[in-house]
Amino acid sequence: MAGIFRDDLLKGRTAFVTGGGSGIGLHMAERFAAHGATVVLAGRRREKLDEAAAGIRAAGGAAHGVALDVRDYSAVEAALRDTHTRFGELDILLCAAAGNFPAPVTGMSANGFKAVVDIDLLGTFHACRAAYPWLRKPGACVLNISAGQATIPMALQAHVCAAKAGVEMLTRTLAIEWGPEGIRANCITPGATDDTEGMRRLAPADADRAAVVGRIPLGRMGTRDELADLALFLCSGAAAYITGAVFVCDGGLSLGGSGLPLTFVRPS
Ligand code: COA
801 MAGIFRDDLL
811 KGRTAFVTGG
821 GSGIGLHMAE
831 RFAAHGATVV
841 LAGRRREKLD
851 EAAAGIRAAG
861 GAAHGVALDV
871 RDYSAVEAAL
881 RDTHTRFGEL
891 DILLCAAAGN
901 FPAPVTGMSA
911 NGFKAVVDID
921 LLGTFHACRA
931 AYPWLRKPGA
941 CVLNISAGQA
951 TIPMALQAHV
961 CAAKAGVEML
971 TRTLAIEWGP
981 EGIRANCITP
991 GATDDTEGMR
1001 RLAPADADRA
1011 AVVGRIPLGR
1021 MGTRDELADL
1031 ALFLCSGAAA
1041 YITGAVFVCD
1051 GGLSLGGSGL
1061 PLTFVRPS
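Be aware that the sequence shown starts at 801, since it is given in my numbering, and climbs by one per residue.
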C-alpha cells in the first residue's frame, strides 16, 4: 500500500474528483480509493477516464468515470446529482481540474485568459456550488488545488495567477459560509512537482528543471505521492478541525529567501 497512513482512513466515503482523469487529481483519487473511498473521476476525455477508473478497479478500488467540462455548470450539476443517486452521500469534493499555457499578457487573447480562469476558478466554483446539496453534513469536505502563482506573481502566467488567487479566496470563503454545517474547505498549493503536466509545460528542458531545483531549499522537486499523502490527511478525520487553510507543499520554493544562490548553503 503506497503512502504513510493505515489503509482505511476513507472507508465508506464517496469522493468526486474534477481533473480526475490524469495528473495530480488522479494520483490523489488513487490514494483515496486505496484507503476505502469510492471515487468518481470527472474530466473532459472519456478514454482517459475509463482507463484511469479501470486502473483503480484493477488495484481493488471502486472508481467510475464521468465525462464533462467543469466550465459547463449544468453538466457538473447533473454529474453530482447522479453520483448521489448511485453512490449515496457525497463526503469529499476534490477540485483539481486546471488549464495552463505559458504566454505573456500581450500574447494571450481575451479568450485565452478566460479559458484558464474559467477552468481553474469558475470550474472550482461550479463544482463546489453544485456539490453543496450533497455535501452538507458534518465530516464532509472540499479540497481545492491551487498553485504558487496564487501568491507569487509570475511572468507568462497572468491567467493562472489571477485564477488561483481566486481559488484560494473562494476556499476561505466557503470555510466560513459552510463551516456551521460541518463542511470543511481547504486548499493545497503544490510547488514544482515531478511527473506533472504543469512541469512539462513550464519547465520542459533539463536546464529549466535544474534552474527550478536550484531555487528549492529542500533541493529536489516534490512528488505526486507527497501531495496525495497531504490530500488524504486533509480529507480524513485526522484533519477534523482544519478548515480554511492553504497548505503549501513545495519544499520551501515559495519562501524566496534572500535571492542568493542556494549553492552557498548546500552541504558540499
Ligand atoms: N498561447 C497563447 N494562447 C493560447 C495558447 C498558447 N500557448 N494555448 C491556447 N491559447 C488560446 C487559444 O488561442 C484560444 O484563444 P482564441 O480563441 O482567442 O484563439 C484560447 O486560448 C482557448 O483555446 P482552446 O484551445 O480553444 O481552449 P481549450 O478549452 O480547448 O483549452 C487550455 C484550454 C488553453 C487551457 C489548454 O491549454 C488545455 O486544455 N489545457 C488542459 C491541460 C493543462 O493545461 N494542464 C496543465 C495544468 S497545470
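Where is the CB? At the ideal position from N, CA and C, for every residue including glycine. Nothing here was measured: the structure is a model prediction, and the numbers come from that model.
Per DSSP, reduced to three states, the secondary structure at residue 817 is strand. Beta-bridge annotation (DSSP): residue 941 is paired with 892 and 984. Straight across, the Cα-Cα distance linking residue 883 with residue 840 is about 7 Å. Under DSSP, residue 1047 forms a beta bridge with 988. Residue 841 is bridged by DSSP to 817 and 865.
When C-alpha distances from residue 813 are compared across 966, 941, 1047 and 1002, the shortest belongs to 941.
Rounded to the nearest whole angstrom, the CA to CA distance from residue 950 to residue 831 is 26 Å. Taken from the Cβ of residue 981, every heavy atom of the ligand COA lies 7 Å or farther away.
Those residues that bring their Cβ nearer than 5 Å to a heavy atom of the ligand COA are 898, 899, 900, 901, 903, 908, 909, 911, 912, 915, 997 and 998.
For residue 976, the enclosing alpha helix (DSSP H) stretches over residues 958 to 978. If you draw a straight line from the Cα of residue 1042 to the Cα of residue 907, it comes to about 40 Å.
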